[in-house]
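Peer 1: Let me give you the structure first, and then I'll get to my questions.
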Amino acid sequence: MASACAVPGPGGAGPGGALGSPAPAWYHRDLSRAAAEELLARAGRDGSFLVRDSESVAGAFALCVLYQKHVHTYRILPDGEDFLAVQTSQGVPVRRFQTLGELIGLYAQPNQGLVCALLLPVEREREPDPPDDRDVSDGEDEKPPLPPRSGSTSMSASVGPGSPSAAPETPTTAAAESAPNGLSTVSHEYLKGSYGLDLEAVRGGASNLPHLTRTLATSCRRLHSEVDKVLSGLEILSKVFDQQSSPMVTRLLQQQNPPQTGEQELESLVLKLSVLKDFLSGIQKKALKALQDMSSTAPPAPLQPSIRKAKTIPVQAFEVKLDVTLGDLTKIGKSQKFTLSVDVEGGRLVLLRRQRDSQEDWTTFTHDRIRQLIKSQRVQNKLGVVFEKERDRTQRKDFIFVSARKREAFCQLLQLMKNKHSKQDEPDMISVFIGTWNMGSVPPPKNVTSWFTSKGLGKTLDEVTVTIPHDIYVFGTQENSVGDREWLDLLRGGLKELTDLDYRPIAMQSLWNIKVAVLVKPEHENRISHVSTSSVKTGIANTLGNKGAVGVSFMFNGTSFGFVNCHLTSGNEKTARRNQNYLDILRLLSLGDRQLSAFDISLRFTHLFWFGDLNYRLDMDIQEILNYISRKEFEPLLRVDQLNLEREKHKVFLRFSEEEISFPPTYRYERGSRDTYAWHKQKPTGVRTNVPSWCDRILWKSYPETHIICNSYGCTDDIVTSDHSPVFGTFEVGVTSQFISKKGLSKTSDQAYIEFESIEAIVKTASRTKFFIEFYSTCLEEYKKSFENDAQSSDNINFLKVQWSSRQLPTLKPILADIEYLQDQHLLLTVKSMDGYESYGECVVALKSMIGSTAQQFLTFLSHRGEETGNIRGSMKVRVPTERLGTRERLYEWISIDKDEAGAKSKVPSVSRGSQDPRSGNRKPAPAEASCPLSKLFEEPEKPPPTGRPPAPPRAAPREEPLTSRAWPLSASARSPGAAAAPGTALGLWPASQLPSTSHPREHPGGPGGGGSVPAGRAGRWTGRGGHGRLAAGHRFGAL
């Protein structure tokens, strides 16, 4: 055993120094904790072990051991001298090792303090790709586009040395690239063979590297002819501005003797580049002088206005009918045809009734007299408008529009009017445009207006609202061969031509030819802060940037936004690799608040948008696909869409949302046409089939009880330069201001409190350690920790139920006590182990529904590294002082949903949740929203809210896709024999007796279920609140 484990290598805590070379088979590098437990469970024998990187401490390791079906994990930490040691309790002697191999060799012997000896190493799972398997474009080009000079560039912020995109590349990194990716095969051969010869020469005292010189000369040989061509062209251009210019450059190059050696070739190239630099500078000076001479003799050009005002929105008219009963119509005896004229600039709505005698009866309402819009959920083109009459009396009129799209356009115009004339200094709601386009390595056409204005196929905007400028434009492109500055200028120019506004660039991030650009209205520039950019490579060996992701994040006043543009692995059969690409990006993209590093990017932002060429394909015969497309029957195709299938399995995009797709597949078209799919291509290896697919997608994930609605999702049908069609999506997003309390900072007498009565979690783990919870929020001065759980039990070896009573949970004190501030805040929770300090799951809880004098219930999922890892529920309340209870209606709460058609005249609370709003009625919900089929066994009638309970505030986006009482999992013991968990719910199930009753559609009263506490067992001895697992005096560690 010692010989198998002891790997020689220099001392050092890093993976390279501690492991030696090559790395031993039991070392799994960045394997997740959950995946490690799965591998050990599969091994199934006591003493099985592996080593992975620690998730909590950089440069540290985690030793995972299987014993009696439980996984025990020990942290291996480096000290100041780069020696390694297993973390121990106070008083236990520390054993230090130079390498992991030495450490494993010792603990392979019995009675060394571990739960058992290390007997059976669990090796890495290897999935080698075929030798000719290259991750290249599926487009018409045989070669993927060459990278720009800098692999990753950013306009807003430089990438720090700790970020993935800034990691230095090793010789093997470059070796992974093939000739089409910019490195010649001779470079590959050098790194595989000649590199060692140069190394031996240096060890022998050589001062030069002949093999490297020869490689460089060979790699740059083509550059000679290219430079010669450029110099010849520049010489012609120089003569345009200076007729006396002599062909000195050409003669100089002709006089050079042909180089004989590699060093001479490089010297010749350097000379040409030096001449090129000087020549470029000279041309600029000559051109400037010539143009200055021309301008001094030409008549002065008329002055152009320096500032162009935004285009005004014209008055828009909507033809409607008044919705009345037959009895009312007889009694009224008047025509019920109306024209609603919306004057956004003037801030008024005019109701014009047509009369038979050609006279008109009209009434004008100013913006402040329009009290509410109430949408019918059953009749998609029906809208109730509540007007303010004299003496604070209101009147409601229901109108029937020509179509549902006209109704939405009317609502958007009225919201815009209310926002424009609001007395509030800061907006409550903004509009966001998201665009993604694989450009196919060719420049864009001159006119891309249809992309900017969401015109084309699918769910598009009405022509009335299509020209209204959005507050934020985000453009994600792949295979974009245009330079960063040129591309940004093109985008700004197009928007200015369209809107007469000079949009401000907030950030531009690129990785090779993957780019994301963010532009905002000038009026919002000062509302943007904390801009961050990052990129992640997921090409061959995760070192090439031809595939990967770029991201931008920022704060808009008090709301955080994240945007990720990605280009994932291509190929019909590469679903698993695409899934891994997603997980790598989720884990490695460095965006947002650094204090939230314990959470992946799906939980760091109020609103996260993820888009790009995801490259997921359709699993169906090509002829069947073409037949469905020709009949515009997309539903059968969406059922075999790989992305939808993987989401249903909870493999990727856990609880993300996507609007329903009602446009044809955006890939792979014949260039120059949108009528034909070019689905087959002759290649040296045979015919390659690229079935038409929805490769280009836009998804999003928002915090619970926030407002977001997708108003459009489609693709253009007139941009034909690429084999992909551009895709667009527009969103209505609620935002919060940087709140400033009128009453000042909270004093002791009027402090708000967040109090917990209990918390209970089911964690997917084979460990039996103790846990604690960390609480993060922007409303807290710093994060807080609970004590360790005071009860735990297990009915299933793979799941653990842990409980905290109120004694173990902290009372949190928000920095501000105003309800208007607190109702926009969220609490992030992470459940961590006491021994390894590693997260076993994270979640987010909205404070909005928790405000009140009585405790409310929350229930949601836990996830970690993109995988669902359990459930968590609890009872809590947010106590707000009476004098801080004042609040106001938000603009997005001004529109409500009328679900009760029988009582159509009754007003219902404002509902902004996307899945309940007819505008988002077609949204494809995250797979986790669907109830477990077993849930129907436990349906209970809804009960009225408890007496004395304050009315619930208006509902917005779902609370982290909450589990309803019908979907709350049962304990494993409650399953029928042989029953399997429903797809995506393999988490162990709560007993039926512990299901919370549904006393309110949004909340789940009832404390945590029972279940006796059990001793910690092998948990060992613990030191300190929230401490780590220590090697206790005796013979056993605590289990992670």
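For the sequence shown, the working numbering gives the first residue as 18, with consecutive numbering after it. Ideal placement from N, C-alpha and C gives every residue a C-beta, glycine not left out. Keep in mind the model is a prediction, meaning the values are calculated, not measured.
Please list, in chain order, all residues of the same chain as LEU536 whose beta carbon is under 6 Å from its beta carbon, the five residues on each side excluded.
Peer 2: Contacts found: TYR490, TYR520 and PRO522.
Peer 1: Tell me which same chain residues have a C-beta within less than 7 Å of the C-beta of VAL361, skipping the five on either side of it?
Peer 2: These residues qualify, in order along the chain: ILE330, LEU430, LEU433, MET434 and LYS437.
Peer 1: Comparing C-alpha positions only, which one of LYS802, ASP610 and PHE670 sits nearest to GLU884?
Peer 2: Of the listed residues, the one whose Cα sits closest to GLU884 is PHE670.
Peer 1: Residues bridged to MET525 by DSSP?
Peer 2: Bridge partners of MET525: ALA534.
Peer 1: Whether or not the region 522-531 and the region 474-485 are in contact is what I'm after, with contact meaning three or more pairs of Cβ atoms, one per stretch, closer than 8 Å; do they touch?
Peer 2: Not touching, per the Cβ criterion.
Peer 1: Between which residues of its own chain and GLU774 is the CB-CB distance below 6 Å, once the five residues before and five after are set aside?
Peer 2: Closer than 6 Å at Cβ, skipping near neighbours: SER823, ALA872 and SER892.
Peer 1: Please identify the residue among ARG424, ALA426 and LYS440 whose C-alpha is closest to the C-alpha of GLY384.
Peer 2: Note that residue 384 is His in the sequence shown, not Gly. When only C-alpha atoms are compared, the closest one is LYS440.
Peer 1: With a Cβ-Cβ cutoff of 7 Å, do ARG705 and LYS698 count as a contact?
Peer 2: Yes, Cβ-Cβ distance for ARG705 and LYS698 is below 7 Å.
Peer 1: Hey, how far is the Cα of VAL632 from the Cα of ASP96?
Peer 2: A small correction: the amino acid at residue 632 is Asn; Val does not occupy that position in the sequence shown. Near 45 Å, if we compare the C-alpha coordinates of ASP96 and ASN632.
Peer 1: Once you ignore the five residues that flank LEU286 on each side, which residues in its own chain have a CB closer than 8 Å to its CB?
Peer 2: Answer for LEU286: CYS237, LEU240, HIS241 and VAL244, listed in chain order.
Peer 1: Across which residues does DSSP place MET867 in a beta bridge pair?
Peer 2: Paired residues: none, contrary to the question.
Peer 1: Which residue comes first and which comes last in the alpha helix (DSSP H) that contains MET851?
Peer 2: MET851 -> no alpha helix (DSSP H), and no H or E assigned at all.
Peer 1: Assuming ILE69 contacts LEU101 (C-beta within less than 8 Å), just tell me the rounded distance between them.
Peer 2: The displayed chain sequence assigns Arg, not Ile, to residue 69. Not quite, the Cβ-Cβ distance comes to about 14 Å (not below 8 Å), so this is no contact.
Peer 1: Can you grab the Cα-Cα spacing for the pair VAL780 / THR116, in whole Å?
Peer 2: Straight-line Cα distance between these residues: approximately 33 Å.
Peer 1: How is the alpha helix (DSSP H) around ILE618 delimited, first residue to last?
Peer 2: Careful: ILE618 lies outside any alpha helix (DSSP H) and carries neither H nor E.
Peer 1: Going by alpha carbons, who is nearest to LEU226 out of SER249, LYS246 and GLU280?
Peer 2: Of the candidates SER249, LYS246 and GLU280, the one whose C-alpha sits nearest the C-alpha of LEU226 is GLU280.
Peer 1: Buried or exposed: GLU540, going by 16 or more other Cβ atoms within 10 Å of its Cβ?
Peer 2: That one is exposed.
Peer 1: Skipping 5 residues on each side, what residues in its chain have a beta carbon closer than 8 Å to that of ASN806?
Peer 2: Contacts found: LYS787, PHE788, PHE789, VAL819, GLN820, TRP821 and GLN825.
Peer 1: In terms of residue numbering, what span does the beta strand (DSSP E) encompassing PHE427 cover?
Peer 2: Element bounds for PHE427: not the beta strand (DSSP E) but the alpha helix (DSSP H), 421-437.
Peer 1: DSSP puts PRO138 in a beta bridge; with which residues?
Peer 2: The partner list for PRO138 (beta bridge, DSSP) reads PHE66.
Peer 1: Report the rounded CA-to-CA distance for LEU844 versus TYR800, giving the unit in angstroms.
Peer 2: One C-alpha to the other measures close to 10 Å.
Peer 1: Taking 7 Å as the cut-off, decide whether the C-beta atoms of GLY493 and GLY629 are in contact.
Peer 2: Closer than 7 Å, so yes.
Peer 1: Look up GLY995 in the DSSP assignment and say whether it is helix, strand or coil.
Peer 2: Bear in mind that a pLDDT of 34 at GLY995, under 50, signals an unreliable position, so the number given afterwards is only what the model happens to contain. Here GLY995 sits in coil by DSSP.
Peer 1: Can PHE748 and ILE725 be called in contact, C-beta distance under 7 Å?
Peer 2: Yes, these two residues count as a Cβ contact at 7 Å.
Peer 1: Using DSSP with H/G/I as helix, E/B as strand and the rest coil, what is ASN398?
Peer 2: Here ASN398 sits in coil by DSSP.
Peer 1: Just curious, the alpha helix (DSSP H) that ILE602 is in, first and last residue?
Peer 2: Taken as a continuous stretch (DSSP letters only), the alpha helix (DSSP H) holding ILE602 covers 592-605.
Peer 1: With DSSP as the reference, identify every bridge partner of HIS843, one or two as the case may be.
Peer 2: Beta-bridge pairing links HIS843 to ALA863.
Peer 1: Can you tell me the Cβ-Cβ gap for TRP379 and LEU368, rounded? I've got them flagged as a contact below 8 Å.
Peer 2: Right, their Cβ atoms sit about 6 Å apart.
Peer 1: The alpha helix (DSSP H) that contains ILE646, what's its start and end?
Peer 2: Its alpha helix (DSSP H) spans residues 639-647.
Peer 1: Taking the alpha carbon of GLY250 as the point to measure from, which residue in ILE300, PHE680, PHE878 and LYS649 has its own alpha carbon closest?
Peer 2: Nearest option by C-alpha distance: ILE300.
Peer 1: Could you check where the alpha helix (DSSP H) with ASP506 kicks off and where it finishes?
Peer 2: From DSSP, the alpha helix (DSSP H) with ASP506 extends over 501-516.
Peer 1: Taking the straight line between their C-alpha atoms, what separation do you get for ALA334 and CYS428?
Peer 2: Going from the Cα of ALA334 to the Cα of CYS428 covers about 13 Å.
Peer 1: Could you spell out the range, first to last residue, of the beta strand (DSSP E) harbouring ASN728?
Peer 2: Start and end: 725-732.
Peer 1: Please state the DSSP three-state secondary structure of VAL897.
Peer 2: The answer is coil: DSSP assigns VAL897 none of H, G, I, E or B.
Peer 1: I'd like the span of the beta strand (DSSP E) that includes ARG714, first residue to last.
Peer 2: Unbroken beta strand (DSSP E) run through ARG714: 713-719.
Peer 1: Helix, strand or coil for GLN104? Go by DSSP, reduced to three states.
Peer 2: Coil, per DSSP.
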